[in-house]
């Protein structure tokens, strides 16, 4: 797989035009002809859906070059970079920083995916500042925070999305998922049950609901058992610390970008790229 210069690997593959004979001239993206940022975004989405991740990155980069405030393009760019980083790590390549873990050694630069998700957060905040009732931006802000492992911030954003549009099964599902991730099992029961009520075929919500119910029972059992012991206050504190670890399936960051729900997008006509 060709890799980008940002990853410290040589060669940019077929995603850029051949370099000029002058070594000082910059390589020109094959998407330079696109002048509409939404068209570049649409092309990036098409390429990503077709597993052409590196070309998708170039298209998304063109979109944010044309419109630095295009939040969706920053988010999708983060998804694409995360896929490349994950593949490189699995192949044993030396990626400068670990993506989607929230951990970075001192002195190491941020991975490209993290940079993109941080820019997505900034862009979504601008949209929300302009329209506090924008449920789509609230939801996508939660997803961007989740990618950065800022779970409390993600919880707040998903909660706001649910308040604005309670009948959206995906909003309820992701709100329940982040609560499970935070080991707030009993709080997660309501939104997950609501998600299934809205869509009985929502298997993700059903699986998360099982996790939440199991987690709540585990904590209840531990507390009842500790109440019978002499020094119950200390035991309860210790047990809460041990029990409040979310089950693996609740952490959406362990999933690949292809497996998770696609980002909510505002309804608008999709511009067609030039041939």
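Numbering (our numbering), first residue to last: 2 to 276. From the three backbone atoms N, C-alpha and C, an ideal C-beta is built for every residue, glycine too.
- Query: Roughly how many whole angstroms lie between the Cα atoms of residue 55 and residue 171?
  - Reply: 29 angstroms
- Check whether residue 144 and residue 133 have beta carbons under 9 angstroms apart: no
- Query: Thinking C-beta only, is residue 59 closer than 9 angstroms to residue 92?
  - Reply: no
- Apart from the five residues just before and just after residue 167, which ones in its own chain have a Cβ nearer than 8 angstroms to its Cβ? Counting only Cβ-Cβ distances below 8 angstroms, and skipping sequence neighbours, we find 173 and 195.
- Message: Suppose you measure from the CA of residue 43 to the CA of residue 81; what does that come to, to the nearest Å?
- Response: 14 angstroms
- Could you tell me the distance, in whole angstroms, from the CA atom of residue 88 to the CA atom of residue 128? 33 angstroms
- In its own chain, which residues sit with a C-beta less than 8 angstroms from the C-beta of residue 152, not counting the 5 before and 5 after it? 146, 179, 182 and 183
- Hey, could you find the ends of the alpha helix (DSSP H) residue 158 is sitting in? Counting along the chain, the unbroken alpha helix (DSSP H) around residue 158 starts and ends at 152-165.
- Query: In three-state DSSP terms, what is residue 53?
  - Reply: Under the three-state reduction of DSSP, residue 53 is assigned to coil, being neither helix nor strand.
- Which value, in whole angstroms, describes the spacing of the CA atoms of residue 216 and residue 225? About 14 angstroms.
- Item | Burial state of residue 34, where buried means 16 or more other Cβ atoms lie within 10 Å | exposed
- Query: Shortest alpha-carbon distance to residue 75 belongs to which of 122, 206, 192 and 53?
  - Reply: Per the Cα distances, 122.
- Between the Cα of residue 68 and the Cα atoms of 90, 210, 185 and 41, which residue gives the shortest distance? 41
- Task: Throw me the rounded Cβ distance for the residue 162 and residue 125 pair, which I believe falls under 8 angstroms.
- Result: In this structure, residue 162 and residue 125 do not form a Cβ contact; the two beta carbons are roughly 11 angstroms apart against a cut-off of 8 angstroms.
- Task: Taking all protein chains shown into account, decide if residue 192 is buried (16 or more other Cβ within 10 angstroms of its Cβ) or exposed.
- Result: buried
- Message: So, for residue 190: in the same chain, excluding its five sequence neighbours on each side, which residues have a beta-carbon less than 6 angstroms away from its beta-carbon?
- Response: 213
- Query: Out of curiosity, what's the CA-to-CA distance linking residue 114 and residue 57?
  - Reply: In a straight line, the C-alpha of residue 114 is about 14 angstroms away from that of residue 57.
- Between which two residues does the alpha helix (DSSP H) containing residue 202 stretch? Where residue 202 is concerned, there is no enclosing alpha helix (DSSP H), because DSSP gives it neither an H nor an E.
- Task: Leaving aside the five residues before and after residue 200 along the sequence, list all residues of the same chain whose C-beta is less than 7 angstroms from its C-beta, in chain order.
- Result: 170
- So, helix, strand or coil for residue 224, using DSSP? helix
- Item | Reduced DSSP category for residue 71 - H, G, I as helix; E, B as strand; rest coil | Residue 71 falls in the coil class under three-state DSSP.
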